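For reference, each letter of the sequence shown is one residue, going 200 to 1187 in our numbering. For every residue, glycine included, the Cβ atom is placed at its ideal position computed from N, Cα and C. In this text the structure is predicted, and so the values were computed from the model without any measurement.
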Amino acid sequence: MSSEHISSRCASSVHRQYVDGGGRNNKKKKPINIDGRVRAYLNQTNLDLFLISLFLAVYSYHAQASEVAAAEGHGGTTSQAEGAAHENPTGQGSYTESNTEFAHEEAHDSSHAAVHAVLFPWFAQIIGIFVYYFLSRYAHALPYTAVMFVMGFSMGYSMVHHKNMETILKESLITWMAMPGQLILLVFLPGLLYIDSYHIDVHLFIKSFQQLLIFAFPMVLAGTTLTACVAYFIFPYGWNLDLCFTFGSILSATDPVAVAVLLNELGAPPRLKMHVSGEALMNDGSAYVFYTIFKARYFFAFGIPGIGKDVNWGEGFKLFFQLALGGMCIGLAFGFGSVILLFALNRRLSGGDSLAQVVVTITAAYLAYFSSEVAGCSGIITVLFLGVTVKSLGFTMINDPHLMMHFWEVVEWILNTLLFTLAGSLWGYLMGDDPNTTTLNDALLSKKDWGYLVLLFILLTIIRSVLMLSFYPIISRIGIGSSWQEVVFISWSGLRGAVGIALALSLQSEVWQLTDDEPDETLKHLARQDAEKIFGFVGGIALLTLIINAPTCGPLLKKLGLITPTETRVQMVENYKQHMNHFCLTQYVSLLAESRFDDLDYTVVKEHVSFLQEISYEQLKAAVEEHKVNTPAHDYLRPNLKNVIPYLKKISTDEKASLVEAVEEVKKNEVKRRYDLLRNRAKSIAKIKTGQDAATKMQKVVLDFNRRQSLDVRCDDKHARELRIVVVEALRSAYARLIDQGELESRSFIAYSLNRSLDYAGDSVSRGFPLNDWDCLQVASNSFLKYTETALHGFLGIKHQIKHRTFFRLDRGYFLIHMRTCKVLAFIKAHELAKGGLKKFCSNASTDEYSAAEIVVLRECDIQIQLAEDALNEIDKEQVQQVKSHYACQILLNKAAHFLQTLTAQGLMTQGEAGGILEEIEDHVQGVAECQKEVHEGEYTPSEKISFMRKFSRFASMGVEPDRAMLNAVKEDDDASNGMEEHAEEQA
């Protein structure tokens, strides 16, 4: 039987299994939409970026293999092999065989190098994640790109001093460092430039275009000339004038990323943001034009045929307009083409069209850059005008702006991380190129060169300041104008970053490639040393600007008064805070109207939610009235205010004195209450552990669905089975909704167990069994809780000790009760949401009647809710009240954070204004998670609450009177007190 026949039969068998589902029960399943699955998988895993990386690695391998083949041909190996082949056409003979084996070994090694090249980019991303985590929490002032440059430096420097250690990471890093110069620019620049140009305010860009042209061309040319003069007259390296101008053009390219983020966070004026970002983008384009011209003159001096060009003044102007205007025209052409494609992909409700639009933008960016370079124009200017065109004409045609923006933010993160890590690695490799010493390599930057680096940094700052002040009379009178404070800030914020490093990397790579065949070793050594020296200076300047200029830009902004809020702005922010407080109070009242939160303890809320610490009677009454107005009449429930009113902010002196007396009485009863809580906690823990043991025994029954046939619970009604499947998916959506609303932490074990239980329940109901997700939840919780309890206990203790420098011990009993209670509360809420949706949309729209299957499924939902409530009743009520109160605090804090984020998204608040409040909320959330108090300060007993409300009768207007449950609680409290006294007498 042939191999083709076997493979054909296997393929057909696999196809049948796929279509039929591999089983008798799945014959009616529809084929899965492969295109949709592939698109979803690419969207979720960023696999497209991985494929791009793999393509670049293969491209790099192909280029290296071509160079090796050319070198072998140059050395006569090819002619010798051909001669041997002619002399021995049968292929017999040791010479040809040995060369064949050598060729196979070389190809094998090269293929491994190409595959291993995929490792370095993603290893750099892992390091970047750890760096971001550290900086975002412990070192806000340090710029991310500067730290990644230092991390790359340590990788490259250590690689030199461990040359004997052969690792895959080292091989991958070497492959990337040997990447051709043009490929470096092609990989990094289109993605980084497109997102910067897309972020531009098109209206301000057009209005300030005259100013940006002055920033871009006269000032860049003057800056390039002055920097070249520094390199030619001050530096002692003997560089020719063309190399000095190339060096000056590289340092003229600025990077606005770090400063732009700072300006957005602090709420800088739009004009200043336009000047910084627009000037940087235009500078990048003009700097690349001058770099191309002077690099061609510098390469022409090598004397290699076909390399470089002797550009005179006339040809220089011609080449300048070709690069600039040609790049602009190509960018506009690609921009209009992209807009047409975006317009054609007009299905806003189709996820496929939204993904296709994202692919259009990234494809246009890279193809436009590539086409412009092939046509002899400036790829940077092309991408700049492409981004501006798409932003101005195609912004309203984008179906999912959030998807588009988030994708490009991911691309920017990946490319910036990779570029600065790669640059730092090459910098460290060249700095440590002498393995015989542990000191830095003097061939790249000697001790004297470090002094020149500092001098260059100072002179570049002076040059930029002089140029800005010189052109200030012009730029202040045209376009959107400018102030002297803005000019001072722009002079200091001229950071060097991605574009300059990419150009320096490209120059260093091209010089090494061009001098491979140079017979004059002295010329070869000098050319490579000059290129490495330039890269060393560019990397050093980028690092200095990132660690000196970037962190000081914020204080400089405040010192110049560019972000000083006006009295009106301060008052607006204060009004926003008051609205947030009122919003949280209204949400608190809404929670009190829910049956699961009818016994919340206000002392817990008061301690953990700072903006609800002082509530007056008038504020509470207004919140109650607003809750009543905003709630439909058929859904309205009166909030239970009995645990809130005794703690209200007092107005009269007599009421305040009564409150002081009540607080003193509370302190006397705290010891007794702690004793009762600890005693009841032990009973609750024993019941929970008994339930866990039962869940362990239940696990085999729940998971083995074939065995469950003996339980005689199978339902043959196909309608009921489909409804149960719908309920499971509705529960999954409800849990996601609870996460969005802040009721569930997406990273918590509770959310994991709830979603995991739906996997078990989905398998069960798809086989015809009734809804049993409560049993599944017990199995899902018990499967990991035993192993994670100890780990979480240690992690929280270490985290608290590091942050607060105090010892913290997690009470495992409290943790167990907290997990159980929160899980039950979320379970009940999700079932209520799912049941409500089922009642609303699954019934007959014309008659509002339910079918028999719908009634069965709704009853099953009620049974699951009742099982959860029974489990909650097994825990001591006061323990449940404490956990509920902390749970409500978490919900309120998350709602407050969402309120601020909404204001920021609507443009009413800046990120800087909201940032301080959000950090305070984050601290409160952490405090809720770490709180383990049995009794909070100022907490009243039920009898004290009743006494207080009877004394102040004015609260009766809100419908608040002591109810039967409260009176029973008073009786239980008195009985417990008497029992404690009897116990004390017996002990005596």
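Would a C-beta distance cut-off of 8 Å place His-807 and Cys-1021 closer than the cut-off?
no
Could you tell me the alpha carbon to alpha carbon distance between Asp-729 and Val-582, rounded to whole angstroms?
31 Å
For Tyr-356, the first and last residue of its enclosing alpha helix (DSSP H):
343-359
How far does the alpha helix (DSSP H) with Gly-623 in it extend, from its first residue to its last?
600-630
Out of Arg-795, Tyr-801 and Ile-844, which one is the CA nearest neighbour of Tyr-1190?
Shown here, the chain extends from 200 to 1187; a query on residue 1190 therefore has no answer.
Give the C-beta separation of Tyr-397 and Val-559 to the nearest angstrom, bearing in mind that I take them to be a contact with Cβ-Cβ under 8 Å.
Not quite, the Cβ-Cβ distance comes to about 13 Å (not below 8 Å), so this is no contact.
Please classify Phe-333 as buried or exposed, where buried requires at least 16 neighbouring CB atoms within 10 angstroms.
exposed
What runs of the alpha helix (DSSP H), each 4 residues or longer, lie entirely inside the stretch 783-839?
801-807 and 816-829
Please state whether the Cβ-Cβ distance between Val-737 and Ile-689 is less than 8 Å.
no
Is Val-926 near Leu-970, with beta carbons less than 8 Å apart?
yes
By the three-class DSSP mapping on this structure, what secondary structure does Asn-482 have?
helix
Would you decide whether His-833 is buried or exposed? Buried here means 16 or more other CB atoms lie within 10 Å of its CB.
exposed
Reducing DSSP to helix, strand and coil, say where Lys-923 ends up.
In the sequence as presented, Lys is not what sits at residue 923; that position holds Arg. The answer is helix: DSSP assigns Arg-923 an H, G or I state.
With 16 other CB atoms within 10 Å as the buried threshold, where does Ser-353 fall?
exposed
Backbone CA spacing between Ile-579 and Phe-416 [nearest angstrom]
14 Å
Helix, strand or coil for Met-1018? Go by DSSP, reduced to three states.
helix
Going by beta-carbon coordinates alone, are Leu-930 and Asp-972 separated by less than 8 Å?
yes
Exposed or buried, what is Gly-390 when buried is set at 16 or more other beta-carbons lying within 10 Å of its beta-carbon?
buried
Any idea what DSSP makes of Pro-389, helix, strand or coil?
helix
Element boundaries [alpha helix (DSSP H), containing Phe-574]:
The sequence shown places Ala at residue 574, not Phe. It is not in any alpha helix (DSSP H) - Ala-574 carries neither H nor E in the DSSP assignment.
Span of the alpha helix (DSSP H) around Met-667:
646-674
Straight-line gap, Val-901 to Ile-938 (C-alpha atoms, nearest Å)
Note on Val-901: pLDDT 43, under 50, position unreliable in the model; the coordinate value appears next. One C-alpha to the other measures close to 27 Å.
Inspect the beta-carbon positions of Phe-446 and Ile-733 and report whether they are closer than 8 Å.
yes
If Phe-489 sits next to Val-419, beta carbons under 8 Å apart, how far is it from one beta carbon to the other, in whole angstroms?
7 Å
Close-in-space but distant-in-sequence residues of the same chain around Ser-675 (CB under 7 Å, 5 per side omitted):
Ser-681
Measure the C-alpha to C-alpha separation of Leu-372 and Lys-723 and round it to an integer number of angstroms.
24 Å
Any C-beta of chain C under 8 Å from that of Ala-479
This model lacks chain C altogether; it includes just one protein chain.
With a CB to CB cut of under 7 Å and the five nearest residues on each side skipped, what residues in its chain are close to Leu-541?
Gln-556, Val-559, Gly-593, Met-596 and Ile-597
So what does DSSP say about Gln-940, is it helix, strand or coil?
coil
Quick check on the burial criterion: 16 or more other C-beta atoms within 10 angstroms. Buried or exposed for Val-769?
exposed
In whole angstroms, give me the CA-to-CA distance for Leu-743 and Leu-694.
9 Å
Between which two residues does the alpha helix (DSSP H) containing Trp-321 stretch?
318-337
Relative to the C-alpha of Leu-725, which candidate in Phe-322, Tyr-436, His-1085 and Glu-1031 has its C-alpha closest?
Tyr-436
As a quick exercise: from Asn-439, Thr-491, Phe-1026 and Glu-514, pick the residue whose alpha carbon is nearest that of Tyr-934.
Phe-1026
Below 8 Å, can you find three or more Cβ-Cβ pairs linking the stretch 649-661 to the stretch 421-435?
yes
Taking only runs of the alpha helix (DSSP H) that begin and end inside the stretch 1044-1089, which ones reach a length of at least 4 residues, in chain order?
1051-1072
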